[in-house]
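S.K.: Taken in order, the sequence shown gives residues 629 to 956; the numbers are from the working numbering.
Heads up, the beta-carbon is just placed ideally off N, CA and C, and yes, glycines get one too.
Given the structure is predicted, the values throughout are model-derived calculations rather than measurements.
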Amino acid sequence: MVAEALVLANYLLTNHMQALGVPVLFQIQASPDAQKLQDFLKLLENSGLQLSLTQENTVLPQDYQLFSEKIGTLDTSPILFELLADTLEPVEYSAESGPHFGLAYVQDYGQFVCPLNRYADLMNQRVLSAVFEYGRDRKSARSKDLVNLNHSSAEGQISWNVLPPEIQRDLEATILEGIQPLNERMTWVRQAEQDFLGLKKTKKMQQRTGEIYKGLITGIQSYGFFVRLESLLVEGLVHVSSLKDDWYEYRARQQTLIGRKNRQQYRLGDRVEVEIKSVDYYRQQIDLAVVGGGSEATEEDMRSDEPEWSEGYAAPYEEDEDRDFEDE
């Protein structure tokens, strides 16, 4: 409830500042990447949950609300909530108003209320402070019609520049100069957080080598597939060279690895049991081996797509020392 109140306060303050015609540092968030979302919906479909967009080819915030409600009923919901969050684009700062997908706002959202946590809030509070100190509450010195700049009743009544020109220009320049450094720092912080959490998880997994866990297949590549462990929310790789029981074909369109002879397949959303084989702390890589799970390919699965091969994959019985973990 507190978080909702803070978001609402930010939204109302942004709208008020817009009505006064003073600069605002906006926070925006683009719509999710279409391919990421399609992969997620394919994963849900393979998990037994058929979902689609309310408007074809258009992703709406309401869709994510519905997705959250539906996946909350599944026992793999902790993993699915993480994967759903991964489909969202990062937020950015901008001098121009734009949509904020995650908050379901079409436009006009800035941050004001947490200056101790974010420098962007401090920049917007500087504008607010300038309005309090220098704001003109009337059209001219001789005008008797005053407006209360600190109240929403002023919105729609102002037809003059609230701030003196030099202060307006200074604040606009400060915001423009600050956008790129702020966005770069946010990217740096996200990467640092990911590295910290990755190292923390990897360290925890070093003590679990040889143990067996249930997991969900979250990504398929020509060199293997990624599994997120249900109880630990840690992700590792089953390399194709560890699949000794058959020659596996990579179907990119289906996001599947299919055995040529045994018809065993590993798809997005399939549940598997895996053993922790090895852990590389500094590279943050966890190697897994399948001990059970997956699914059986149907005749349609076997015919529906031509297999795609990649160099180093065609011989699954040979160890590949030069594995490509770029997509991990």
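#1: Pick helix, strand or coil for Asp950, following the three-state DSSP scheme.
#2: Go ahead and label Asn776 buried or exposed: buried means 16 or more other beta carbons lie within 10 angstroms of its beta carbon, across all protein chains shown.
#3: Might you give, ordered along the chain, the residues of its own chain that have their beta carbon closer than 8 Å to the beta carbon of Thr682, omitting 5 neighbours on each side?
#4: Which class does Phe740 belong to by DSSP, given the choice of helix, strand or coil?
#5: Which same chain residues end up closer than 8 Å to Val719 when comparing Cβ atoms and leaving out the 5 residues on each side of it in sequence?
#6: Could you give the C-beta distance for Asn811 and Tyr721, rounded to a whole number, given that I count them as a contact under 8 Å?
#7: Would you identify the three-state DSSP class for Lys698, choosing helix, strand or coil?
#8: Excluding the five sequence neighbours on either side, which residues of its own chain have a C-beta within less than 6 Å of the C-beta of Lys842, listed in chain order?
#9: How about the region 861-875 and the region 661-678: do they share at least three Cβ pairs that are nearer than 8 Å?
#10: Would you mind stating whether Val790 and Leu648 have Cβ atoms separated by less than 8 Å?
#11: Could you check which residue in Gln834, Ser659 and Gln849 has the C-alpha nearest to that of Tyr894?
#12: Where do the ends of the alpha helix (DSSP H) carrying Tyr733 lie?
#13: Which residue's Cα is closest to the Cα of Tyr851: Leu641, Val866, Phe824 and Val862?
#14: Within the continuous beta strand (DSSP E) that includes Asp823, where are the two ends?
#15: For the pair the region 827-838 and the region 909-921, tell me if three or more CB-CB distances fall below 8 Å.
#16: When you compare each of His779, Ala917, Val630 and Val862 to Leu640 by their alpha carbons, which one comes out closest?
#17: Using only alpha-carbon positions, find the residue among Asp749, Gln646 and Asp667 that is nearest to Arg881.
#18: Report the three-state DSSP secondary structure of His867 (helix, strand or coil).
#19: Between which two residues does the alpha helix (DSSP H) carrying Leu844 extend?
#20: Using the C-alpha atoms, what's the distance from Leu861 back to Pro706?
#21: Is the Cβ-Cβ distance between Asp736 and Ser725 less than 8 Å?
#22: Look up Thr686 in the DSSP assignment and say whether it is helix, strand or coil.
#23: Within the present structure, is the beta-carbon of Tyr851 separated from the nearest heavy atom of the ligand SAM by less than 7 Å?
#24: Pull up the DSSP beta-bridge partners for Leu885, would you.
#25: What residues in its chain sit with their C-beta under 8 Å from that of Thr837, if we drop five residues either side in the sequence?
#26: Can you tell me whether DSSP reads Tyr747 as helix, strand or coil?
#27: Taking just the CA atoms, how far does Leu896 sit from Phe740?
#28: Let's see if you can read the secondary structure: which residues bound the alpha helix (DSSP H) around Glu710?
M.R.: Quick answer:
#1: Its pLDDT being 40, under 50, Asp950 is placed unreliably in this model, and the value from its coordinates should be taken loosely. Asp950 falls in the coil class under three-state DSSP.
#2: That one is exposed.
#3: For Thr682, where only same-chain residues beyond five positions count, the Cβ hits under 8 Å are Leu688, Gln690, Asp691 and Leu694.
#4: Per DSSP, reduced to three states, the secondary structure at Phe740 is coil, with no helix or strand assignment.
#5: The residues are Gln655, Ile656, Gln657, His728, Gly730 and Met814.
#6: Correct: roughly 6 Å between the Cβ atoms.
#7: Annotated three-state conformation of Lys698 is helix, per DSSP.
#8: Cβ within range, chain order: Glu858 and Glu901.
#9: In short, these stretches do not touch, since the Cβ pair count stays below three.
#10: The Cβ-Cβ distance between Val790 and Leu648 falls below 8 Å.
#11: The shortest CA-to-CA distance from Tyr894 to any of Gln834, Ser659 and Gln849 is the one to Gln849.
#12: No alpha helix (DSSP H) contains Tyr733, which DSSP labels as neither H nor E.
#13: Measuring from the Cα of Tyr851, the nearest candidate turns out to be Val866.
#14: From DSSP, Asp823 is part of no beta strand (DSSP E) but of the alpha helix (DSSP H) over Pro793 to Gln834.
#15: Touching, per the Cβ criterion.
#16: Considering only alpha carbons, the answer is His779.
#17: Of the candidates Asp749, Gln646 and Asp667, the one whose C-alpha sits nearest the C-alpha of Arg881 is Asp667.
#18: Judged by DSSP in its simplified three-state form, His867 adopts strand.
#19: For Leu844, there is no enclosing alpha helix (DSSP H); the residue is found in the beta strand (DSSP E) stretching over Ile840 to Gln849.
#20: Rounded to the nearest angstrom, the two C-alpha atoms are 8 Å apart.
#21: Taking 8 Å as the Cβ cut-off, Asp736 and Ser725 qualify as a contacting pair.
#22: Annotated three-state conformation of Thr686 is strand, per DSSP.
#23: Judged by which ligands are present, the structure shown has none, so any question about the ligand SAM falls away.
#24: Under DSSP, Leu885 takes part in a beta bridge, and its partners are Tyr878 and Tyr894.
#25: Ile904, Lys905, Ser906 and Val907.
#26: Judged by DSSP in its simplified three-state form, Tyr747 adopts helix.
#27: Cα to Cα, the separation comes out at about 41 Å.
#28: From DSSP, the alpha helix (DSSP H) with Glu710 extends over Ser705 to Asp714.
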